[in-house]
Structures are given as structure tokens and as C-alpha cells.
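Using our numbering, read the sequence shown as starting at 101 and increasing by one per residue.
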Amino acid sequence: MGVDCYEIFEESEDIYIIQNKFYSDSTPLSKDYVENDFLLRPINALRQGTYKKSQELQDAYNKYKDRQNFKVHLHLYVTNNIKVNGIDEFIKKFNTENQECIAKIFYLDDIQEQYFGEMFKEEKHYKSIIHTKNSGTVLNVLPKEYKLNIPLPAKYVFTPVVSVFKMYQGAKDKDYPIFDMNIREFLGKTGVNKKIYDTLLNPNERSNFFYYNNGVTIICDKIGTIETQDTGMPNADAMIEIIDPQIVNGCQTVNSIYEALRNIDPDKLNSEFANTFVMLKILEIDKNNEEEKNLYTNIVRYTNSQNSIDEKTFAANNDIFKRLQKDFEDRGFLLLIKQSDKNTYKQKYKVITSLKEKNSDRLAKFGLPNMKKADDVFIALDKILQVFIAFANGGQDAFVKKNKILQPNTPLFETATNFCKSLTTDTLLDLYLLYKKAEIDKKASGDKRTPIPYYLIDAFAKYECQERKKDLISQELSDSAKVTKIIKLYTMVCSMYSKQNGSDYNNMIKREIDYKMLESVRDTCSTVL
């Protein structure tokens, strides 16, 4: 059984069993391998309790196998794009007959899309048809016609899930990014909602799908008028054209519809799912209108407030951070503002020569080691903003309020972004590298506690920069001798301050700094140096 690795997710009761095939461009998968080695042998051995390669995997399967939400995900990754006739049918048949399993094959293009898709995207356009029973199964919200003081026209459409499946399938065929960019990385490429998936594959339950599901929200550039005609689909005698749709909520619903229905014989889709519907909320927004553009952003945020989409996902599209990311890269440093940036940069900088040429002098000025791989110059967005807050507000804010630092329209976020706007890229980068040097020295110290990086930035702002004057940063960090002196001084200061404070270290760093004590300690240490 050629299982290369597995992953057990106890919280969600999922097991992922992964196989890899490193094939040349001319070597196809064999049907026998897919049917037996990939699909049947691992799961049959687990079912029979005879899986010998990992007792942990067998124990996990035994533990979860009778639970309602349990799924085994069988993933096969292949390093070419040769698709053999009949293999897709094996997969579909297996998924239909083994509903505790979800099997998928990822070819080379799929792997690229899964991990590096954003770096290859060009702007594309897409027209899609949404079907419904008749004009009576569409609620039209028309502000002008109905004299409503609301900003947008909208349609609530009672839609066959087959129509949603075809919309998504058409987008995939045209390589059109149908999931909104703010949530695409978090939800657009992620897994299936198991309850949705199972409901759709259960002939006795699927007609209840409309009542179980909260629906899907789509924002588009243009909503057409309802046209009544023979669509070739049962219970779908009317249709609406939408232009450039973006799914902003219900991504897992759409993914689950696609994954479930793709296992069904295309000739049977319409009959099998004739009475399976979902509600679509379709909004028309002019993205060239600033007010409507802001409304778009808020709709995305508020409709996804129940999901675990962190604020970093939304902050990533701030123009200030995009500009900073480009400027940092020009200087040999890689600012991570999106979840995919790590993979993007690892792919882009497999050879790091160009980065080293740009950053070696600056790293040397701060006493930092030369980079050996792209990861060495990764800078997390939330981390660098904490550094800016430590300078602007103080170390305590940077430490205890870090979870709020990427929440747009909050005082902390405004302080951080204004800090970015008010200084040159070189100054911002130098301030971060001062923090980075303190962090590295702390890890290398005997007690692994000094210097305290945010204390150092706070004190540097208060004393060297004369009560947080930003225009003094460059001057105070202009050469390696000054940097070395600052690091030595505040290593001593932090150590002495911790002893005089007398509190438990972990409690101390969360409390407000006693600046009177800090200044006294600094004066003493300055005399020693």
C-alpha cells in the first residue's frame, strides 16, 4: 500500500491519506494503480483492522469510523497532466459507493492552482446563467421602482443546485476566479462541508437541502432580466444572466455542491437533483463607484463574520501594505500580507542570489546573519505592525493588543497605517530590523529573556528618538556602531529592570511599563557603557 503520509484532524474527525507519484511528462497513471493501490487497498485494510504501516492511523480510524461526521480523504498528487480515460469514472463511482470517503486526484496544474494560483492570475470576465422555477421564485428588490431608500438592486433566487454546479464548473473551465479575493485563500480552495456533501449524496435527504442551508451571496457587475424559456432542466423554466459574479459568502456550500455533483453521471444530474434547491442572493455593485466599492467590502466582511476568516485576510488588500510589500522586495526583504505569500515567494526565490545582493549590507549593519533561504527574510505583516505600535504607543500596546492590530477602522490599525504612510520604506525596514536583532539576541541569551524586543523599541522611541519623534529614527540607526550600542544598552536595561521590578517575567511584560524605573535603570546602564 503506497501511502506516503497521513494527517489526522481530531477536532473535525477527518483523516487525510496522501499518495504521491513523481512521474515524467510521458508517464501516465495506470487504471489498476488508481483502482486498487490508491482507492481500495488502504481503506479496505483500515476497515478490516489489518493496516500494518501505522498503528496510529489504524487506531484513529477505529475511533472515528462510526461517527456521523467522519470522513477519510484520499488524495493522490501526480507530477504531470496526463489524464487517462476511465480514471475519473473510477473516482466518481468510488465516492458515490463509499460515502465516508472523498477521493481526489491532483494533477500538476491542480497543484499549481492549489498552492500558487494567485501569482498566475490575469483579470478575466465571465457570464453565467442562473436558473429558477419561474418568475414567481425570484424576489426582486428594486430601489428605484419601489421607491426604497436603499443603495442596491438585488435578487433572491430559488435556484437548482445543478445551476450552481454548472456556474462553478464553467468558471473553472475558463480559469475564472469566482470566489472573492478577500476570502478566496481562506475558503475558496478549502475542503468540503461534510454535512452538506452527505445531504446532497443522500437521495432521501437532498430535497431538504434548501431548508438546511443558509444560501449563497453573489456580487456581480450586472444582473440581467428574467427570461422564461425551455432551459432543458426540470423545475427551471426561467433564467437570469449575471456578469462577472463573485461569490462572497457560501463558498463551502458551492465547493460542496461541486464536489458532490461531480461524482454523478452528467446524464443523470438533472433527474437526480430535480428537487434540490439553494437560495442565491445576487447583488449588483458598480465597483467604480467609491461608495458602492466600500459597501462591497463591508458586505464581504459582515456576511463572513461567522467564519474564522482573520482580519489579516481583509487587511492584505490595503494599498499601503501592497506598496510596502513591493518596496521591501526591491530591498531584498519579503513582506507576507496574504496566506499564499509564503508559497509564492518560495517558488519565486528558489535561487536567492538577487535577494542577497540587495539585502546583505543592511543585514550586516544590524549584525544579522546572511540569508540562506527565502524564509530568512520573511516579515509577517502583523509582526511589523506590532513594532510600529511599540514605537508609536509603547511596548505594552504592542504586546497585549496584538490580536486587534489588523482590525480595520480601529484606532490601533489607524495608528499603524499612518505610521507606514509617514516614513520612508528604508526607515520602516530599519526599525523592524532593530526589533529583529533584539529578538534573535533574546533567543540566543542565557536566560532567553533579554533584551525584551518591544521594551527595546519602546525605550529607543522614548529616549534615543526624544519622546517618539519619528524623524530621528534614521539618524539613530545610521550605522552599525549605533545599532550595536543600542542593543548592548537595552540588553543591560531589560535585565536590570526585570530584577528591580520583582514581578514574574510573564506577568511583567503584560503590564504597563514603569517609565520612571526604566529611565533610572537606563541612566545607570549608560554610565557603565
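Note that CB positions come from ideal geometry on N, CA and C, so glycine has one too.
- Straight across, the Cα-Cα distance linking Gly270 with Asp210 is about 16 Å.
- The DSSP assignment places complete beta strand (DSSP E) segments of no fewer than 3 residues inside the stretch 424 to 484 at 434 to 436 and 478 to 480, in order along the chain.
- In this structure, Val238 sits near Lys255, with a CB-CB distance shorter than 8 Å.
- It is roughly 10 Å from the alpha-carbon of Val477 to the alpha-carbon of Glu429.
- Between Ile382 and Tyr396, the gap from beta carbon to beta carbon reaches 8 Å or more.
- For the 8 Å CB-CB criterion, Ala516 and Leu485 form a contact.
- Following the DSSP letters along the chain, one finds Phe309 inside the alpha helix (DSSP H) bounded by residues Phe309 to Tyr312.
- As a beta-bridge residue in DSSP terms, Tyr106 pairs with Ile117.
- Residue pairing of Pro260 in beta bridges, as defined by DSSP: Phe377.
- Secondary structure of Cys351 (DSSP, three-state): helix.
- Between Ile143 and Cys201, the gap from beta carbon to beta carbon is short of 8 Å.
- In the three-state scheme derived from DSSP, where H, G and I count as helix and E and B as strand, Leu248 is classed as coil.
- In this structure, Cys594 lies away from Thr627, with their beta-carbon atoms at least 8 Å apart.
- In this structure, DSSP gives Lys171 an extended state, which the three-state scheme calls strand.
- At least 8 Å separates the beta-carbon of Ile505 from that of Ile479.
- Checking the DSSP bridge columns, you'll see Ser228 partnered with Ile342.
- Where Thr515 is concerned, the enclosing alpha helix (DSSP H) starts and stops at Pro511 to Ser522.
- Three or more Cβ pairs drawn from the stretch 323 to 342 and the stretch 364 to 377 lie within less than 8 Å of each other, which places the two stretches in contact.
- In the DSSP secondary-structure assignment, Leu239 is bridged to Tyr256.
- Straight-line spacing of the CA atoms in Asn198 and Tyr246 works out to 51 Å.
- Counting C-beta atoms within 10 angstroms of its own C-beta, Phe309 has 16 or more neighbours from the protein chains shown and is therefore classed as buried.
- Beta bridge pairing from DSSP links Ile382 with Lys255 and Ile318.
- Uninterrupted alpha helix (DSSP H) stretches at least 4 residues long and entirely within the stretch 150 to 212 occur at 155 to 164 and 187 to 197, given in chain order.
- The beta carbons of Asp571 and Gly494 sit no closer together than 8 Å.
- Apart from the 5 residues on each side of it in sequence, Lys458 sits with its Cβ closer than 6 Å to the Cβ of Arg431 and Gly432 in its chain, given in chain order.
- Exposure of Thr325 is indicated by the presence of fewer than 16 other C-beta atoms within 10 angstroms of its C-beta.
- The beta carbons of Phe206 and His175 sit about 7 Å from each other, so the pair counts as a contact at 8 Å.
- Ala474 is positioned such that its CB atom lies no closer than 8 Å to that of Lys438.
- The shortest C-alpha to C-alpha distance from Lys502 to any of Glu390, Ser356 and Lys483 is the one to Lys483.
- With at least 16 other beta carbons inside 10 angstroms of its own, Leu139 counts as buried.
- Residue range Ser580 to Asn601 is occupied by the alpha helix (DSSP H) that includes Cys594.
- In terms of Cα proximity to Tyr177, the closest of Val241, Ser545, Val103 and Gln158 is Val103.
- With a 10 Å radius around the Cβ and a threshold of 16 neighbouring Cβ atoms, Ile250 comes out exposed.
- By the Cβ neighbour-count rule, Leu424 is buried, with 16 or more other Cβ atoms within 10 Å of its own.
- In this structure the stretch 346 to 360 lies against the stretch 305 to 324, because at least three pairs of beta carbons, one per stretch, are closer than 8 Å.
- For Leu618, the enclosing alpha helix (DSSP H) starts and ends at Tyr615 to Val628.
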